[in-house]
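What follows is a single structure, written as structure tokens, with notes after it.
Protein chains: 2
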Amino acid sequence: MKRLTGRNDSTDQAADDERRAGARPFADSLARLKEVGLRPTRQRLALAKLLFDAGDHHITAEQLHAAARSAGVKVSLATVYNTLHQFKDVGILREVVVEPGRSYFDTNVRPHHHFFHEGRGHLTDIPDEAVALTRLPDPPEGAEISRVDVIIRVNDRA
Amino acid sequence: MKRLTGRNDSTDQAADDERRAGARPFADSLARLKEVGLRPTRQRLALAKLLFDAGDHHITAEQLHAAARSAGVKVSLATVYNTLHQFKDVGILREVVVEPGRSYFDTNVRPHHHFFHEGRGHLTDIPDEAVALTRLPDPPEGAEISRVDVIIRVNDRA
DNA sequence: AACCAGTTTAAAATCTTTCTAAACTGTGAC
DNA sequence: GTCACAGTTTAGAAAGATTTTAAACTGGTT
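Same order as they appear, the protein sequences are chains A and B.
Sequential numbering of the first sequence, starting at 20, is according to my numbering.
Sequential numbering of the second sequence, starting at 20, is according to my numbering.
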């Protein structure tokens with residue numbers, strides 16, 4: 020059996036978090052964090068699992084914080100914000116802004132677009148191929164295009 | 020000559036505001052407000068002038084409030100917010116959300132798209148014809164498209 | 001085992017936006 | 001003109017999301 024020393028040391032805690040987050044092989048998130056040069060802390064590992072082991076989805080900081088909490092992961096809201104921004108900065112997460120006063124984070128960083136249901140306040144992915152942008156303007160002098168977002172706003176049919 | 024009674028009654032004040040806002044014929048904004056069924060108050064007239072007599076532009080609530088102030092128009096920030104939303108609701112203004120935590124209001128309500136300079140935090144219009152969207156997905160079951168936004172994010176060239 | 005740069009955290013602070021309740025003002029009736 | 005009242009405005013409080021701060025903690029090394 021494993022160690023019998025004091026319970027709840029950081030390694031055990033990480034393993035617990037993993038189980039709680041409904042995880043896949045430990046190595047995935049760990050490797051992912053190492054790849055992007057972020058120290059694989061207990062909190063980052065747990066958040067990475069919640070984010071990347073559940074398929075493509077869109078989530079706010081508050082929602083992720085709540086998800087972590089209810090998965091039994093102890094992490095502060097500030098850390099959730101820090102982590103989301105770090106993940107975005109290293110390119111494993113994408114920020115989507117469609118509503119005033121709230122940011123969504125998208126675990127799908129492949130090229131694609133979005134439906135935004137204004138009534139429900141809810142995002143859905145649109146595969147890149149479903150949209151054809153056959154003409155685009157030249158960027159302003161001295162600037163270059165970093166991304167083209169197509170947001171299709173929808174509402175319930177009258 | 021005009022009245023010699025107490026200075027600064029509401030009519031005189033409105034005329035002052037108009038002059039201060041660098042205005043065109045009084046009738047324009049007045050007619051516009053009547054058309055959309057908003058009572059033409061001193062504050063709404065002044066804000067309408069600042070918004071619509073300066074050509075197409077993008078402005079935040081804070082910026083409009085500052086502009087009003089420095090034009091000598093006395094108006095509270097709450098009224099600026101109220102007015103922007105009322106103007107949006109009646110369709111003479113459009114809200115553009117591209118940055119977390121801040122809304123821009125666009126005086127151009129004709130179909131068009133936007134460049135957003137991420138470094139400078141600055142919006143520019145793209146004429147509708149400069150973008151060709153030749154394929155779009157069907158909206159989700161039961162929903163209908165209300166608008167398609169194309170946002171081209173740019174940055175200074177490396 | 002000690003060290004330290006990187007992390008996490010609770011709490012405070014910030015920023016934008018909305019709400020509240022009271023005072024004010026267009027507008028139509030008389 | 002003057003009244004009355006619904007619609008407006010306002011200062012200040014409140015809310016909501018996000019960021020900052022300063023101190024405690026921890027992963028990775030030596």
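Each residue gets a CB set at the ideal place from its N, CA and C atoms; glycine is no exception.
Is lysine 68 (chain A) buried or exposed, if buried means 16 or more other CB atoms sit within 10 Å of its CB? Within the first sequence, the letter at position 49 stands for residue 68 (chain A). Burial call: buried.
For threonine 98 (chain B), name the three-state secondary structure that DSSP assigns. For the purposes of this step, residue 98 (chain B) is identified with residue 79 of the second sequence, where counting begins at 1. Looking at threonine 98 (chain B) - three-state DSSP - the assignment turns out to be helix.
CB of asparagine 174 (chain A) within 9 angstroms of CB of histidine 133 (chain A), strictly: One-based indexing of the first sequence puts residue 174 (chain A) at position 155. One-based indexing of the first sequence puts residue 133 (chain A) at position 114. No; because the gap between Cβ atoms is not below 9 angstroms, this pair is not in contact.
Residue environment, threonine 102 (chain A), which counts as buried when at least 16 other CB atoms sit within 10 Å: Position 83 of the first sequence, counting from 1, holds the residue named residue 102 (chain A). Label assigned to threonine 102 (chain A): buried.
Is the distance from the Cβ of threonine 98 (chain A) to the Cβ of leucine 112 (chain A) below 9 angstroms? Indexing the first sequence from 1 puts residue 98 (chain A) at position 79. Indexing the first sequence from 1 puts residue 112 (chain A) at position 93. Result no, Cβ atoms of threonine 98 (chain A) and leucine 112 (chain A) do not sit closer than 9 angstroms.
Kindly list, in the order they appear in chain B, the residues whose Cβ is closer than 8 angstroms to that of alanine 149 (chain A). Within the first sequence, residue 149 (chain A) is the residue found at index 130, counting from 1. Those are Arg154, Leu155 and Pro156, listed as they occur along chain B.
Following the continuous beta strand (DSSP E) through proline 142 (chain A), name the residue where it begins and the one where it ends. Numbered from its first residue, the first sequence carries residue 142 (chain A) at position 123. According to the sequence provided, residue 142 (chain A) is leucine. The question's proline does not apply to it. Its beta strand (DSSP E) spans residues 141–146.
Are the C-beta of arginine 51 (chain A) and some C-beta of chain B separated by less than 9 angstroms? For the purposes of this step, residue 51 (chain A) is taken as residue 32 along the first sequence, with counting starting at 1. No, arginine 51 (chain A) does not count as interfacial toward chain B.
Give me whichever residues DSSP pairs with histidine 136 (chain A) in a beta bridge. For the purposes of this step, residue 136 (chain A) is taken as residue 117 along the first sequence, with counting starting at 1. Answer is A:His141 and A:Val173, bridged to histidine 136 (chain A).
Could you have a look at arginine 43 (chain A) and say whether DSSP puts it in helix, strand or coil? What you label residue 43 (chain A) is simply residue 24 of the first sequence in a count that begins at 1. Confidence in arginine 43 (chain A) is poor, its pLDDT being 48 and thus under 50, which makes the residue's placement too unreliable to answer from.
Got a sec? Which residues, its chain only, sit under 8 angstroms from leucine 51 (chain A) by beta carbon, not counting five neighbours each side? Taking the first residue of the first sequence as position 1, residue 51 (chain A) is located at position 32. Reading off the sequence, residue 51 (chain A) comes out as arginine, not leucine. Taken in chain order, the residues that qualify are Ala67, Phe71 and Ile111.
Does valine 109 (chain B) get closer than 9 angstroms to chain A when you measure Cβ to Cβ? Walking along the second sequence from the start, residue 109 (chain B) turns up at place 90. It does not; no Cβ of chain A falls within 9 angstroms.
Alpha carbon to alpha carbon, what distance is there between alanine 85 (chain B) and alanine 73 (chain A)? Within the first sequence, numbered from 1, the residue matching residue 73 (chain A) stands at position 54. Within the second sequence, numbered from 1, the residue matching residue 85 (chain B) stands at position 66. Looking at the two C-alpha atoms, the distance is approximately 46 angstroms.
Taking 9 angstroms as the cut-off, decide whether the C-beta atoms of valine 150 (chain A) and isoleucine 170 (chain B) are in contact. As a first step, residue 150 (chain A) must be located in the first sequence, where it is residue number 131. As a first step, residue 170 (chain B) must be located in the second sequence, where it is residue number 151. No, they are not a contact pair.
Within its chain, find whatever has a CB closer than 7 angstroms to the CB of tyrosine 100 (chain B); leave out the 5 residues flanking it on each side and keep chain order. Translated into positions along the second sequence, residue 100 (chain B) becomes position 81. So the qualifying residues of the chain are Ala80.
Same chain, Cβ closer than 7 angstroms to aspartate 144 (chain A), neighbours up to 5 away in sequence not counted: Stepping through the first sequence from its first residue, residue 144 (chain A) is reached at position 125. Cβ within range, chain order: Asp75, Asn127, His131 and His133.
Close Cβ partners of phenylalanine 106 (chain A) (< 7 angstroms) along its chain, the five nearest in sequence each way excluded: The residue you call residue 106 (chain A) lines up with position 87 of the first sequence. Excluding positions up to five away in sequence, the list reads Leu112.
What are the start and end residues of the alpha helix (DSSP H) that includes arginine 63 (chain B)? Indexing the second sequence from 1 puts residue 63 (chain B) at position 44. Bounds of the alpha helix (DSSP H) holding arginine 63 (chain B) are 61–71.
Exposure label - serine 89 (chain A); buried when at least 16 CB within 10 Å: Here residue 89 (chain A) refers to the residue found at position 70 when the first sequence is read from its first residue. Exposed, since its Cβ has fewer than 16 Cβ neighbours within 10 Å.
Pick helix, strand or coil for arginine 26 (chain A), following the three-state DSSP scheme. For this step, residue 26 (chain A) is matched to residue 7 along the first sequence. Bear in mind that the predicted position of arginine 26 (chain A) carries a pLDDT of just 38, short of 50, making it too unreliable to give a figure here.
Please decide whether glycine 161 (chain A) counts as near chain B, where near means a Cβ-Cβ distance under 9 angstroms. Here the question's residue 161 (chain A) lines up with position 142 in the first sequence. So, interface residue.
Quick one: residues in its chain with C-beta nearer than 8 angstroms to the C-beta of tyrosine 123 (chain B), no 5 flanking neighbours on either side, listed in chain order? Within the second sequence, numbered from 1, the residue matching residue 123 (chain B) stands at position 104. The answer, listed in chain order, is His77, Ile78, Thr79, Glu114, Val115, Val116, Val117 and Leu142.
Cross-strand partners of arginine 113 (chain B) (DSSP beta bridge): To locate residue 113 (chain B), count along the second sequence from 1; it is residue 94. B:Asp125, per the DSSP bridge assignment.
For the alpha helix (DSSP H) containing alanine 87 (chain A), name the first residue and the last one. As a working mapping, residue 87 (chain A) is identified with position 68 in the first sequence. Looking at the DSSP string, the run of the alpha helix (DSSP H) that includes alanine 87 (chain A) is 80–89.
If contact means a Cβ-Cβ distance below 7 angstroms, which residues of the stretch 123–142 of chain B contact chain A? Phe134, His136 and Glu137
Taking C-alpha atoms, which residue in B:Val55, B:Ala87 and B:Leu57 lies nearest to alanine 65 (chain B)? The count along the second sequence starts at 1 and reaches residue 65 (chain B) at position 46. For alanine 65 (chain B), the nearest C-alpha among the options comes from B:Ala87.
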